[in-house]
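For reference, the structure discussed in these notes is given below.
4 protein chains.
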Amino acid sequence: MSARAAAVGAVIEAGRTASIRHWVPATSGNFSVRIDAETVAITRSGVDKGDLKPADILIQPLEQPLLPGSSAEAELHTALYRKHPAIGAIFHVHSPAATVFSRLAVSTDSLTLTGWELQKALSGVKTHEAIVDVPVFANDQDIGALSRRVDARLSRAVDGAISAPGYLLAGHGLYAWGASPAEAARHLEALETLFEFELSYRRFTP
Amino acid sequence: MSARAAAVGAVIEAGRTASIRHWVPATSGNFSVRIDAETVAITRSGVDKGDLKPADILIQPLEQPLLPGSSAEAELHTALYRKHPAIGAIFHVHSPAATVFSRLAVSTDSLTLTGWELQKALSGVKTHEAIVDVPVFANDQDIGALSRRVDARLSRAVDGAISAPGYLLAGHGLYAWGASPAEAARHLEALETLFEFELSYRRFTP
Amino acid sequence: MSARAAAVGAVIEAGRTASIRHWVPATSGNFSVRIDAETVAITRSGVDKGDLKPADILIQPLEQPLLPGSSAEAELHTALYRKHPAIGAIFHVHSPAATVFSRLAVSTDSLTLTGWELQKALSGVKTHEAIVDVPVFANDQDIGALSRRVDARLSRAVDGAISAPGYLLAGHGLYAWGASPAEAARHLEALETLFEFELSYRRFTP
Amino acid sequence: MSARAAAVGAVIEAGRTASIRHWVPATSGNFSVRIDAETVAITRSGVDKGDLKPADILIQPLEQPLLPGSSAEAELHTALYRKHPAIGAIFHVHSPAATVFSRLAVSTDSLTLTGWELQKALSGVKTHEAIVDVPVFANDQDIGALSRRVDARLSRAVDGAISAPGYLLAGHGLYAWGASPAEAARHLEALETLFEFELSYRRFTP
Numbered sequence: 077m078s079a080r081a082a083a084v085g086a087v088i089e090a091g092r093t094a095s096i097r098h099w100v101p102a103t104s105g106n107f108s109v110r111i112d113a114e115t116v117a118i119t120r121s122g123v124d125k126g127d128l129k130p131a132d133i134l135i136q137p138l139e140q141p142l143l144p145g146s147s148a149e150a151e152l153h154t155a156l157y158r159k160h161p162a163i164g165a166i167f168h169v170h171s172p173a174a175t176v177f178s179r180l181a182v183s184t185d186s187l188t189l190t191g192w193e194l195q196k197a198l199s200g201v202k203t204h205e206a207i208v209d210v211p212v213f214a215n216d217q218d219i220g221a222l223s224r225r226v227d228a229r230l231s232r233a234v235d236g237a238i239s240a241p242g243y244l245l246a247g248h249g250l251y252a253w254g255a256s257p258a259e260a261a262r263h264l265e266a267l268e269t270l271f272e273f274e275l276s277y278r279r280f281t282p
Numbered sequence: 077m078s079a080r081a082a083a084v085g086a087v088i089e090a091g092r093t094a095s096i097r098h099w100v101p102a103t104s105g106n107f108s109v110r111i112d113a114e115t116v117a118i119t120r121s122g123v124d125k126g127d128l129k130p131a132d133i134l135i136q137p138l139e140q141p142l143l144p145g146s147s148a149e150a151e152l153h154t155a156l157y158r159k160h161p162a163i164g165a166i167f168h169v170h171s172p173a174a175t176v177f178s179r180l181a182v183s184t185d186s187l188t189l190t191g192w193e194l195q196k197a198l199s200g201v202k203t204h205e206a207i208v209d210v211p212v213f214a215n216d217q218d219i220g221a222l223s224r225r226v227d228a229r230l231s232r233a234v235d236g237a238i239s240a241p242g243y244l245l246a247g248h249g250l251y252a253w254g255a256s257p258a259e260a261a262r263h264l265e266a267l268e269t270l271f272e273f274e275l276s277y278r279r280f281t282p
Numbered sequence: 077m078s079a080r081a082a083a084v085g086a087v088i089e090a091g092r093t094a095s096i097r098h099w100v101p102a103t104s105g106n107f108s109v110r111i112d113a114e115t116v117a118i119t120r121s122g123v124d125k126g127d128l129k130p131a132d133i134l135i136q137p138l139e140q141p142l143l144p145g146s147s148a149e150a151e152l153h154t155a156l157y158r159k160h161p162a163i164g165a166i167f168h169v170h171s172p173a174a175t176v177f178s179r180l181a182v183s184t185d186s187l188t189l190t191g192w193e194l195q196k197a198l199s200g201v202k203t204h205e206a207i208v209d210v211p212v213f214a215n216d217q218d219i220g221a222l223s224r225r226v227d228a229r230l231s232r233a234v235d236g237a238i239s240a241p242g243y244l245l246a247g248h249g250l251y252a253w254g255a256s257p258a259e260a261a262r263h264l265e266a267l268e269t270l271f272e273f274e275l276s277y278r279r280f281t282p
Numbered sequence: 077m078s079a080r081a082a083a084v085g086a087v088i089e090a091g092r093t094a095s096i097r098h099w100v101p102a103t104s105g106n107f108s109v110r111i112d113a114e115t116v117a118i119t120r121s122g123v124d125k126g127d128l129k130p131a132d133i134l135i136q137p138l139e140q141p142l143l144p145g146s147s148a149e150a151e152l153h154t155a156l157y158r159k160h161p162a163i164g165a166i167f168h169v170h171s172p173a174a175t176v177f178s179r180l181a182v183s184t185d186s187l188t189l190t191g192w193e194l195q196k197a198l199s200g201v202k203t204h205e206a207i208v209d210v211p212v213f214a215n216d217q218d219i220g221a222l223s224r225r226v227d228a229r230l231s232r233a234v235d236g237a238i239s240a241p242g243y244l245l246a247g248h249g250l251y252a253w254g255a256s257p258a259e260a261a262r263h264l265e266a267l268e269t270l271f272e273f274e275l276s277y278r279r280f281t282p
């Protein structure tokens, strides 16, 4: 199978898995997988992510303008791929814990996770004692401006914390990535589950 | 396939999808799809919406009295179709967030949504900053009276807000519509998910 | 199909449906269907209710002692069948909203439901304005004593309220019944859903 | 079928069942089944527990060092099997109620359950009035030290309470066991469900 066919297949599978969890309600969400250094496969705007066909997936060169039919948010994907050659897949969902938590945490710019064994599912985290920093951004319909804010913040580490392979947009949801589609899927599931744990935990702790 | 057969098939599919989500418990809910300017296909009263047969669906002329076997609530459907020629499908469910929220919000006549990216799944909403107005009505066993209250309220826009393609009946659930069955399904899923987000968010905000 | 085979099949189907909802965790729950005036089909003790075989179902004469392999709780079923000839099926589950609510409500002997359209799924309820009375009993390992308390309470109507086709045992779960397996299933789903709505609603109302 | 093939099959089935419930997110969790007095079948580190292949399962002699590819936590399994010959299967999950509750309860070293009929699904519990003691341990990346703390605590009964067939690791999840894979699965489902009930109940009780 060609790298391109494999990437298209991985996008279809990622959408299907997210849809089963109800993480991409009403055609929301978008999914991309890197084909090579210059190109990614990415979902078209406005389609049902639970039942993607190959025609729903665009082959986007990273150094060219977004293709017709692109989601405006495709720019958040391509900017990350251009800046970070090790990223192989980026998945964006409107999962409930991420989406609700993003609004609760936006005033502090970060959501901090610590004390959960499941953190170790995030690449580079070796202990539940690690402090994991998940950036939170105010949502913005100006995707270019938002992408520049994301880029500036991701370039700046938080002292004593490990940066999560993902970030939150307030009231909008979660972006998560990995070196491969499998790692991005693992990071996505780990982050949403950690947000569920943390939200539930905070209901009982002042 | 005839327009009539297509409408009947779309009603069956809408019921099946809602039932999988547990949004039509115990034969509750009702679903209709427009066949043409004068006629709609609509679910019969008292049947399991998750396993509809063609015989469970009535072909109701909009300008004639409700057929034998109709749900009393069919009048809420036919009144909307008569008044709004652009409406192609109306789906009503007892989904949990909508049903609970409807009682919490009834004293204010409206549920207001803002700050959620998913709002953009509602036709006409372009930004998370939009204010979306979802009317809330006290429940009533007199469907004629209820239908007139709905009609009066939907004719009256709320300043500075976009009207949602749906409304809530207190303790009863959600009515949502769209130009086509696909759009009605997208609006239904978006609204119930937005209510889930908002309910969860309000648990943490005074 | 004989009445006996139909009853056994209905018990198997009721267990399977409840198990899919996770309402009979860890071999809990029990299910019975009336065969005729003198006999019922009822689940054996200690078996997985989600995957019942005909051999897991006992054919219990109502006027004889419980058969070997019976659940101790079978007596709660047979006492109801003897007293109420119109009851055709009784389903008992440990569903989450019923089980949690049963403990919150036990000090008041009753859980009162009003204001929900879904109440109309309960036989005899015509309006959301009806007050539905669900008796709540302290749990008891002495099933004979418990059965007598249930019988005494069910014989006593609550002024101004409609008696639900079911009751709660504190920390134990829900018993629901109907004239047929289909009606018992409808009552079971309606009651558990009403308890979910009411529990969620009470989180926001003092 | 050999005891070894049966044990491998039971591990695969346990992982699949837990994954469907979302109790082993992102390759978390581990599962083992005893083959005989000296050997167990146990999941390899870092694999998806919902889709285990025979090659993902190690045949671990209890008196030998952990095999290459083992999870560090395998030692928690082997220590329990060596000490308790009656234990036939041990399942570990990151289920949500267990994981959240483990952090809320860690300061008191124990989670106490009483008043739930479902307690009787735990081996040795005869009444809802029993007090069930579930030990809670602070999480530790030093599995040897953690295993010794577990061993010391399990050897010490709590006066007036019945010891649960399982324990919690704070922020990490649930270990549950039984004489057979079927009993371990029943205990796992009963404990997670009891934690769900108790968490929900505590939201309403001060």
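Chains as they are written, first to last, in our numbering: chain U, 77 to 282; chain S, 77 to 282; chain G, 77 to 282; chain D, 77 to 282. Beta carbons: idealized from backbone N, C-alpha and C, even for Gly.
Inter-residue spacing [alpha-carbon to alpha-carbon] between S:Phe273 and S:Ala214: Locating residue 273 of chain S in the second sequence gives position 197, counting from the first residue. Locating residue 214 of chain S in the second sequence gives position 138, counting from the first residue. Computed Cα separation, rounded: 23 Å.
field: Pick from G:Lys125, G:Leu198, G:Val116 and G:Glu151 that is closest to G:Leu134, judged by C-alpha positions
entry: Numbered from 1 along the third sequence, position 58 holds the residue referred to as residue 134 of chain G. Answer by Cα proximity: G:Val116.
query: CA-CA distance, G:Leu264 and U:Met77?
result: By 1-based counting over the third sequence, the position of residue 264 of chain G is 188. By 1-based counting over the first sequence, the position of residue 77 of chain U is 1. So the two alpha carbons sit approximately 51 Å from each other.
D:Ala252 in three-state terms, based on DSSP: Within the fourth sequence, the letter at position 176 stands for residue 252 of chain D. Three-state DSSP puts D:Ala252 in a strand.
query: By how many angstroms is the C-alpha of S:Leu275 removed from the C-alpha of U:Gly122?
result: Translated into the one-based positions of the first sequence, residue 122 of chain U becomes position 46. Translated into the one-based positions of the second sequence, residue 275 of chain S becomes position 199. Roughly 26 Å between the two C-alpha positions.
- prompt: In three-state DSSP terms, what is U:Phe107?
  reply: Here residue 107 of chain U corresponds to residue number 31 of the first sequence, with the count starting at 1. Three-state result, U:Phe107: strand.
message: Quick check on the DSSP output: the alpha helix (DSSP H) that includes G:Phe280 runs from which residue to which?
response: As a working note, residue 280 of chain G is residue 204 in the third sequence. It is not in any alpha helix (DSSP H) - G:Phe280 carries neither H nor E in the DSSP assignment.
- request: Determine, using beta carbons only, whether U:Gly105 and U:Val182 come nearer to each other than 8 Å.
  value: Your numbering for residue 105 of chain U matches position 29 in the first sequence. Your numbering for residue 182 of chain U matches position 106 in the first sequence. Cβ atoms of U:Gly105 and U:Val182: not closer than 8 Å.
message: Using 8 Å as the cut-off, can you tell me whether the segment 155-172 of chain G makes contact with the segment 107-116 of chain G, which would need three or more C-beta pairs spanning the two stretches below that distance?
response: yes
query: With 8 Å set as the bound, which would you pick, yes or no: does the beta-carbon of U:Ala293 sit closer than that to a beta-carbon of chain D?
result: This structure cannot settle anything about residue 293 of chain U, because the visible part of chain U is limited to 77 through 282.
- prompt: Whose CA, out of G:Val87, G:Lys125 and G:Arg80, lies closest to the CA of G:His98?
  reply: Here residue 98 of chain G is taken as the residue at index 22 of the third sequence, counted from 1. Comparing Cα-Cα distances from G:His98 to each of G:Val87, G:Lys125 and G:Arg80, the minimum goes to G:Lys125.
task: Give a yes or no on whether 8 Å exceeds the smallest Cβ distance from S:His204 to chain G.
output: By one-based count along the second sequence, residue 204 of chain S stands at place 128. It does not; no Cβ of chain G falls within 8 Å.
query: Are the beta-carbon atoms of G:Pro161 and G:Ala113 separated by less than 8 Å?
result: Translated into positions along the third sequence, residue 161 of chain G becomes position 85. Translated into positions along the third sequence, residue 113 of chain G becomes position 37. For G:Pro161 and G:Ala113, yes; Cβs fall inside 8 Å.
- prompt: Residue range of the alpha helix (DSSP H) that S:Ser178 falls in?
  reply: As a position in the second sequence, residue 178 of chain S is number 102, starting the count at 1. That run of the alpha helix (DSSP H) goes Pro172 to Ala181.
query: Bridge partners of U:Pro101, per DSSP?
result: The count along the first sequence starts at 1 and reaches residue 101 of chain U at position 25. Note: U:Pro101 sits in no beta bridge, so no partner.
- request: Enumerate, from N- to C-terminal direction, the unbroken alpha helix (DSSP H) stretches of 4 or more residues contained entirely within the segment 150-237 of chain S.
  value: 150-159, 172-181 and 219-230
query: Does any residue of chain S bring its CB to less than 8 Å from the CB of U:Asn215?
result: Here residue 215 of chain U refers to the residue found at position 139 of the first sequence. For U:Asn215, the answer is yes, since a Cβ of chain S falls inside 8 Å of its Cβ.
query: Just how far apart, CA to CA, sit G:Pro241 and G:Arg158?
result: As a position in the third sequence, residue 241 of chain G is number 165, starting the count at 1. As a position in the third sequence, residue 158 of chain G is number 82, starting the count at 1. Cα-Cα distance, rounded: 16 Å.
task: Note down the Cα distance separating G:Leu143 from U:Gly249, rounded to an integer number of angstroms.
output: Along the third sequence, one-based indexing puts residue 143 of chain G at 67. Along the first sequence, one-based indexing puts residue 249 of chain U at 173. Cα-Cα distance, rounded: 57 Å.
message: Which residue marks the beginning of the alpha helix (DSSP H) containing U:Ala117, and which one marks its end?
response: By one-based count along the first sequence, residue 117 of chain U stands at place 41. Counting along the chain, U:Ala117 falls outside any alpha helix (DSSP H), though it belongs to the beta strand (DSSP E) covering Thr115 to Thr119.
field: Through-space distance from U:Leu128 to U:Asp216, alpha-carbon basis
entry: Reading the first sequence from its first residue, position 140 is the one you call residue 216 of chain U. Reading the first sequence from its first residue, position 52 is the one you call residue 128 of chain U. Cα to Cα, U:Asp216 sits roughly 27 Å from U:Leu128.
task: Step through the CB atoms of chain G and report whether any lies within less than 8 Å of the CB of S:Val100.
output: As a first step, residue 100 of chain S is located in the second sequence; it is residue number 24 there, counting from the start. It does not; no Cβ of chain G falls within 8 Å.
field: For G:Ala246, the nearest candidate out of G:Val212, G:Ser231, G:Ile207 and G:Ala258 (CA to CA)
entry: Position 170 of the third sequence, counted from the start, is the residue given in the question as residue 246 of chain G. It is G:Val212.
- prompt: What number of angstroms, rounded off, separates the C-alpha of U:Leu187 from the C-alpha of S:Ser171?
  reply: Position 111 of the first sequence, counted from the first residue, corresponds to residue 187 of chain U. Position 95 of the second sequence, counted from the first residue, corresponds to residue 171 of chain S. Distance between the alpha carbons of U:Leu187 and S:Ser171 is about 31 Å.
field: Span of the beta strand (DSSP E), counted from its first residue to its last, around D:Gly145
entry: As a working mapping, residue 145 of chain D is identified with position 69 in the fourth sequence. It is not in any beta strand (DSSP E) - D:Gly145 carries neither H nor E in the DSSP assignment.
query: Which chain G residues sit within Cβ distance under 8 Å of S:Arg179?
result: As a working mapping, residue 179 of chain S is identified with position 103 in the second sequence. Result: Gly191 and Tyr277.
- prompt: Is any beta-carbon of chain D found at less than 8 Å from that of U:Thr283?
  reply: The structure shown does not extend to residue 283 of chain U, since chain U spans only 77 to 282, so no value can be given for it.
query: For G:Ser239, which option in G:Lys202, G:Ala221 and G:Ala258 has the closest C-alpha, if you only look at C-alpha atoms?
result: As a first step, residue 239 of chain G is located in the third sequence; it is residue number 163 there, counting from the start. Nearest option by C-alpha distance: G:Lys202.
message: Please state whether the Cβ-Cβ distance between U:Ala221 and D:Ala102 is less than 8 Å.
response: Numbered from 1 along the first sequence, position 145 holds the residue referred to as residue 221 of chain U. Numbered from 1 along the fourth sequence, position 26 holds the residue referred to as residue 102 of chain D. Not a contact, by the Cβ cut-off of 8 Å.
- prompt: Who are the Cβ neighbours of G:Thr269 in its own chain at under 7 Å, not counting the five residues just before and after it?
  reply: For the purposes of this step, residue 269 of chain G is taken as the residue at position 193 of the third sequence. So the list reads Leu194, once near-sequence residues are dropped.
query: Which bits of chain G does S:Ser104 rub up against, with CB to CB less than 7 Å?
result: By one-based count along the second sequence, residue 104 of chain S stands at place 28. The contacting residues are Leu194 and Ala197.
field: Positions along the segment 88-99 of chain G whose CB lies within less than 9 Å of some CB in chain S
entry: Arg97
- request: Return the chain-ordered list of same chain residues with a C-beta closer than 7 Å to the C-beta of G:Leu189, the five sequence neighbours on each side being excluded.
  value: The count along the third sequence starts at 1 and reaches residue 189 of chain G at position 113. For G:Leu189, where only same-chain residues beyond five positions count, the Cβ hits under 7 Å are Gln195, Val208, Val210, Leu270 and Glu274.
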